[in-house]
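Written below as structure tokens is the structure these notes are about.
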Amino acid sequence: MTNLSTHIFYSPNKIILGMEAASNVSDELSKLGGGRVLLVTDPGVVQAGLISQIENFLKSNSLDYVLYDAVEPEPPDGVIDRGAEIFKSEDCGLVLGIGGGSSLDVAKGISILATNSGKILDFCGIDCVPRKGAPLLLMPTTSGTGSEVTRVLVLTDEKQNVKNVVFTPHILADVAIVDPALTLSMPPRVTADTGMDAMVHAIETYVSMNATVFSDVLAERAIELIARYLPIAWAKGSNLEARYQMSAAATVAGLAFGSGGLGAVHALAYPLGTEYHMTHGRTNAIMLPHIMKFNLSGNPAKYARIAELMGQDINGYSMYEAAAMAVDAVKELLDTIKVSYNLSDYDIPTKDLPKLVDGGMKQARLFVPNPRDLIREDVESIYEGAY
Ligand code: NAD
Numbered sequence: 122m123t124n125l126s127t128h129i130f131y132s133p134n135k136i137i138l139g140m141e142a143a144s145n146v147s148d149e150l151s152k153l154g155g156g157r158v159l160l161v162t163d164p165g166v167v168q169a170g171l172i173s174q175i176e177n178f179l180k181s182n183s184l185d186y187v188l189y190d191a192v193e194p195e196p197p198d199g200v201i202d203r204g205a206e207i208f209k210s211e212d213c214g215l216v217l218g219i220g221g222g223s224s225l226d227v228a229k230g231i232s233i234l235a236t237n238s239g240k241i242l243d244f245c246g247i248d249c250v251p252r253k254g255a256p257l258l259l260m261p262t263t264s265g266t267g268s269e270v271t272r273v274l275v276l277t278d279e280k281q282n283v284k285n286v287v288f289t290p291h292i293l294a295d296v297a298i299v300d301p302a303l304t305l306s307m308p309p310r311v312t313a314d315t316g317m318d319a320m321v322h323a324i325e326t327y328v329s330m331n332a333t334v335f336s337d338v339l340a341e342r343a344i345e346l347i348a349r350y351l352p353i354a355w356a357k358g359s360n361l362e363a364r365y366q367m368s369a370a371a372t373v374a375g376l377a378f379g380s381g382g383l384g385a386v387h388a389l390a391y392p393l394g395t396e397y398h399m400t401h402g403r404t405n406a407i408m409l410p411h412i413m414k415f416n417l418s419g420n421p422a423k424y425a426r427i428a429e430l431m432g433q434d435i436n437g438y439s440m441y442e443a444a445a446m447a448v449d450a451v452k453e454l455l456d457t458i459k460v461s462y463n464l465s466d467y468d469i470p471t472k473d474l475p476k477l478v479d480g481g482m483k484q485a486r487l488f489v490p491n492p493r494d495l496i497r498e499d500v501e502s503i504y505e506g507a508y
């Protein structure tokens, strides 16, 4: 199946990837101009010792900055609005986001609120932001979301208790610095959850109805790298090769889904995050094998290729048999990194099923690019299968 529609490929102006690439931060900020920097991060990243290192780079180059380290996971809209108030009251000119997807997304939000008046919830949806944001430099410390290269930010609408997105090219970073050394301090659980998030991006976009020639090339490479290096990075966090390849893969997967879009895994994972406060990566990981099993008939050739990319020997098997081997490969990977894909292991009572189904149906926009159509009964039976 070839997607014949016109594609636009978006990416940041500049991506710098490499061990110790973080040392470029002052230079890159100076080139962007704009004066005082608002450094956006979360307390966990500060505790991991990553911010003091960056502050030293800024100080030794006499760059003036203000620290905003109040980011919360799956960031509530208020965290972005408060950051934007500080950006203005402290007379900042640039935003530097350092951390996992939560910190990078808050940085993106602050950047657009610096140049567009309103609260962040006013800009949710597709292309609802009139003006480009303040200059933006993003540095991931997890290898998962790919937020450093995407034109989307994800927030939690506190009042509605649902995830929402701001989708606009105006939040693309001017510069993304991807330094795998910043990910070395991730504990195994964070490595596993965020690594699986990257895998979900790659697989979902690869089988998406909106897949493009760009997303295909990038997703294939990301799937291959993550299948090979995630177990190693999980087992031995100090393994530089594994950390490097995972950082590269997560960024590449981000570029892929920025072009090809996502699907039903994200739709059915979101309610698990908002209802039970599980991490985004973990909820995606739980739903992945169940949605893949459901989706197989929608694109068996691509699922067969996923099996192959994940190291399965598909020679001698029919396309449908090979496609099913992709589900086995994903389950094997999840078992290896100790991520359960059974909802019953997460203390989620079965009586909550209708609530989950309602939550999944609220994300039905993500069913459109999914390779197999879903109706409410399908959503119900997928969650049931996940117990
Ligand atoms: P996160 O940013 O929420 O961080 C998870 C935890 O890991 C935090 O406690 C953090 O302090 C800690 N941490 C981060 N880096 C660390 C390091 N190097 N060492 C030790 N601890 C570290 O997690 P995430 O999975 O990276 O981001 C999730 C968020 O990103 C969600 O809100 C999700 O919806 C969003 N997201 C955004 C995009 C996008 O393109 N904008 C894509 C996917 C997901």
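What the sequence shown shows, in our numbering, is residues 122 to 508, in sequence order. Cβ coordinates follow ideal geometry from the N, Cα and C atoms, glycine included.
Under the three-state reduction of DSSP, which class applies to residue i: helix, strand or coil?
i	result
glycine 254	coil
tyrosine 131	coil
leucine 153	helix
glycine 316	helix
proline 510	This structure cannot settle anything about residue 510, because the visible part of the chain is limited to 122 through 508.
valine 166	helix
methionine 431	coil
leucine 215	strand
alanine 95	In this structure the chain extends from 122 to 508, so residue 95 is not present and cannot be described.
alanine 297	strand
isoleucine 137	strand
isoleucine 496	coil
glycine 239	coil
threonine 333	coil
lysine 209	helix
leucine 351	helix
lysine 483	coil
histidine 401	helix
valine 146	helix
tyrosine 508	coil
glycine 382	coil
lysine 459	coil
aspartate 468	coil
arginine 310	helix
valine 192	coil
serine 268	helix
Which partner residues does residue i have in the DSSP bridge list?
i	result
proline 197	Thr277
tyrosine 510	Not covered by the structure: residue 510. The range shown for the chain is 122 to 508.
proline 261	Gly220
lysine 284	Thr277
glycine 358	Beta-bridge pairing links glycine 358 to no other residue.
isoleucine 247	Phe288
In angstroms with no decimal places, state the Cα-to-Cα distance between residue i and residue j.
i	j	result
isoleucine 292	alanine 235	12 Å
leucine 474	asparagine 463	14 Å
arginine 493	serine 151	48 Å
glutamate 505	tyrosine 424	23 Å
methionine 140	arginine 497	46 Å
serine 224	leucine 274	10 Å
threonine 404	glycine 265	13 Å
serine 173	isoleucine 219	12 Å
glycine 165	threonine 123	43 Å
aspartate 295	threonine 271	11 Å
glycine 199	isoleucine 129	32 Å
threonine 127	threonine 333	9 Å
histidine 411	isoleucine 503	6 Å
threonine 372	glutamate 269	7 Å
lysine 357	glutamate 193	27 Å
alanine 377	phenylalanine 288	16 Å
glutamate 362	glycine 239	44 Å
alanine 485	glutamate 501	13 Å
asparagine 282	serine 181	43 Å
phenylalanine 488	serine 380	17 Å
threonine 457	tyrosine 467	18 Å
methionine 446	leucine 455	14 Å
Count the other CB atoms, across all protein chains shown, that sit within 10 Å of the CB of residue i; report buried if there are 16 or more and exposed otherwise.
i	result
threonine 162	buried
tyrosine 508	exposed
glycine 432	exposed
aspartate 318	buried
alanine 169	buried
tyrosine 131	exposed
leucine 556	The chain is shown from 122 up to 508; residue 556 falls before or after that span and cannot be answered.
aspartate 248	exposed
lysine 514	Missing from the structure shown is residue 514; the chain here goes from 122 to 508 and no further.
lysine 284	buried
alanine 387	Here the sequence assigns histidine to residue 387, which means alanine is not the residue at that position. Histidine 387 is buried by the Cβ-count criterion.
At least one CB of chain D closer than 8 Å to the CB of residue i: is that the case?
i	result
proline 352	Within the model displayed, chain D is absent; a lone protein chain is all it includes.
Quiz item: Is it true that the segment 203-212 meets the segment 332-345, where meeting means three or more beta-carbon pairs spaced less than 8 Å apart?
Solution: In short, these stretches do not touch, since the Cβ pair count stays below three.
Quiz item: Are the segment 216-231 and the segment 254-268 in contact at 8 Å, needing three or more beta carbon pairs?
Solution: Under the Cβ criterion (8 Å, minimum of three pairs), the segment 216-231 counts as touching the segment 254-268.
Quiz item: If we count Cβ pairs, one from each stretch, closer than 8 Å, do we get three or more for the segment 375-394 versus the segment 432-450?
Solution: A contact is defined here as three or more CB-CB pairs under 8 Å, and the segment 375-394 fails this definition with respect to the segment 432-450.
Self-check item: Contact the segment 323-337 vs the segment 275-283: 3+ CB pairs below 8 Å
Solution: They do not touch, by the three-pair rule.
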